[in-house]
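> Numbering (my numbering), first residue to last: 102 to 337.
Just passing along the structure, written as C-alpha cells.
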Ligand code: SAM
C-alpha cells in the first residue's frame with residue numbers, strides 16, 4: 102500500500118479517505134489485518150491496521166521488510182504517444198511492472214490522441230506499483246509536445262528512439278553500451294513519426310535510433326519490448 106508519509110518501525114501513518122476506502126472496500130481488510138506499506142523512500146514495512154472507518158484510519162508499522170534500493174541502476178523513462186481506447190492505461194500499467202521510472206505522454210504530429218487524463222494515469226501507475234510490489238511510485242509527467250520535450254532535454258540522458266525504418270542499431274546492443282546510465286525510450290504513435298520528426302530527432306547528439314526486430318510492432322508492444330530488453334540487459 103502506498104503511503105505518502107515517512108515510515109519507521111513502530112511509527113503510525115494516517116490513512117486518508119482514498120486509502121481507507123481502498124483497504125476496506127477493495128482489499129476487504131479491517132483492524133488487525135496486516136498490510137505491506139511503502140512510500141518510495143524508506144523501503145517496505147509490514148504494518149497492521151489499527152483503526153479503519155469509511156473515510157479515515159491508521160496503520161502501525163511493525164517491522165521493516167525491505168530496505169530502500171539505493172544501489173539500483175537508474176530506472177528508464179518511457180516517452181510514448183498516447184493511444185486510443187484504454188491502451189494508454191495499459192501501457193502505464195505494464196511499463197510500471199517492467200520497471201519504468203517516469204512516464205511521459207508525448208504529442209506527435211500523427212498521434213491519435215491529443216489529451217490525456219493525467220490524474221487517472223497517476224492512479225493507474227500507483228496501483229500497478231502496489232500490485233507488482235515495487236518500492237517506489239513511478240512518476241507520470243504532464244503531456245508535452247515532442248518539440249518542447251526535445252528543447253528541454255538533459256543531454257546526459259540518452260534518448261533511444263524506436264524506429265522501424267532507417268538506420269537503427271539493435272536495442273540490445275545500444276542498452277548494453279549504456280548500462281548504469283540514465284536512459285529514455287521514445288515510441289511513436291500507431292501512425293509512426295513523420296519524416297520531419299525523425300530527421301529532427303536523428304540530428305540530436307543524445308538520440309540513438311534503435312530497432313526492435315524486423316516486424317512492425319503496435320506502439321504498446323514496442324514500448325513493452327524496449328523495457329523488457331532493458332531489463333534483460335541488466336536493468337533492475
Ligand atoms: N505505420 C507506422 C510507420 O510505418 O511508421 C508504424 C508505426 S508502429 C505501429 C508504432 C511505433 O512503434 C513506431 O513509431 C516505433 O516507435 C515503434 N516500432 C514498431 N515496430 C518497431 C520496430 N520493429 N523497431 C523499432 N520501433 C518499432
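Positions of the beta carbon are idealized from the N, C-alpha and C atoms, including for glycine.
Quantities reported herein were computed from a predicted structural model and do not represent experimental measurements.
Taking the beta strand (DSSP E) that residue 254 falls in, what are its first and last residues?
As a working mapping, residue 254 is identified with position 153 in the chain shown. Where residue 254 is concerned, there is no enclosing beta strand (DSSP E), given that its DSSP letter is neither H nor E.
> Roughly how many angstroms lie between the CA atoms of residue 210 and residue 252, to the nearest whole one?
Within the chain shown, the letter at position 109 stands for residue 210. Within the chain shown, the letter at position 151 stands for residue 252. Going from the Cα of residue 210 to the Cα of residue 252 covers about 16 Å.
> Three or more C-beta pairs closer than 8 Å, one from the stretch 299 to 314 and one from the stretch 223 to 231: is that the case here?
They do not touch, by the three-pair rule.
> Report back the beta-carbon spacing between residue 139 and residue 236 to the nearest angstrom; my notes put them in contact at under 8 Å.
The residue you call residue 139 lines up with position 38 of the chain shown. The residue you call residue 236 lines up with position 135 of the chain shown. That pair is a contact at about 5 Å.
> List in chain order: all unbroken beta strand (DSSP E) runs of 3+ residues lying wholly within the stretch 155 to 232.
Runs of the beta strand (DSSP E) inside the stretch 155 to 232: 158 to 167, 178 to 181 and 203 to 208.
> On the three-pair Cβ rule with 8 Å, is the stretch 278 to 289 touching the stretch 160 to 180?
Contact between the stretch 278 to 289 and the stretch 160 to 180 is present, because at least three Cβ pairs lie under 8 Å.
> Would the C-beta of residue 207 count as close to the ligand SAM, meaning under 6 Å from any of its heavy atoms?
Start at 1 with the first residue of the chain shown, and residue 207 comes out as number 106. Every heavy atom of the ligand SAM is 6 Å or more from the Cβ of residue 207, so no.
> Our contact map puts residue 262 next to residue 205 with C-beta atoms below 8 Å; I'd like the distance itself, whole angstroms only.
Position 161 of the chain shown, counted from the start, is the residue given in the question as residue 262. Position 104 of the chain shown, counted from the start, is the residue given in the question as residue 205. At roughly 13 Å, the Cβ-Cβ gap does not stay under 8 Å, so residue 262 and residue 205 are not in contact.
> Please confirm if the stretch 136 to 152 is in contact with the stretch 186 to 196, defined as three or more CB-CB distances below 8 Å between the two stretches.
These segments do not touch.
> Exposed or buried, what is residue 183 when buried is set at 16 or more other beta-carbons lying within 10 Å of its beta-carbon?
Position 82 of the chain shown holds residue 183. Buried, because 16 or more other Cβ atoms sit within 10 Å of the Cβ of residue 183.
> With hydrogens ignored, establish whether the beta-carbon of residue 267 is closer than 6 Å to any heavy atom of the ligand SAM.
Taking the first residue of the chain shown as position 1, residue 267 is located at position 166. The answer is no for residue 267.
> Hey, quick one: how far does the alpha helix (DSSP H) through residue 340 stretch, first residue to last?
Residue 340 lies beyond the range of the chain shown here (102 to 337); nothing can be said about it.
> Take residue 264 and list the residues in its own chain whose beta-carbon comes closer than 6 Å to its own, dropping the five residues that flank it on each side.
For this step, residue 264 is matched to residue 163 along the chain shown. Only 310 meet the Cβ criterion.
> Apply the 10 Å Cβ neighbour rule to residue 216 and answer buried if 16 or more other Cβ atoms are within range, or exposed otherwise.
In the chain shown, counting from the first residue as 1, residue 216 sits at position 115. With fewer than 16 other Cβ atoms within 10 Å, it is exposed.
> Going along the chain, which residues of its own chain have a beta-carbon closer than 7 Å to the beta-carbon of residue 273, five neighbours each way excluded?
Reading the chain shown from its first residue, position 172 is the one you call residue 273. Contacts found: 330 and 334.
> Leaving aside the five residues before and after residue 113 along the sequence, list all residues of the same chain whose C-beta is less than 8 Å from its C-beta, in chain order.
As a first step, residue 113 is located in the chain shown; it is residue number 12 there, counting from the start. For residue 113, where only same-chain residues beyond five positions count, the Cβ hits under 8 Å are 151, 159, 160, 161 and 162.
> So, helix, strand or coil for residue 268, using DSSP?
Your numbering for residue 268 matches position 167 in the chain shown. The answer is coil: DSSP assigns residue 268 none of H, G, I, E or B.
> Compute the minimum distance between the beta carbon of residue 291 and the heavy atoms of the ligand SAM, and state whether it is under 6 Å.
Taking the chain shown and counting its residues from 1, one reaches residue 291 at position 190. Yes, the Cβ of residue 291 comes within 6 Å of a heavy atom of the ligand SAM.
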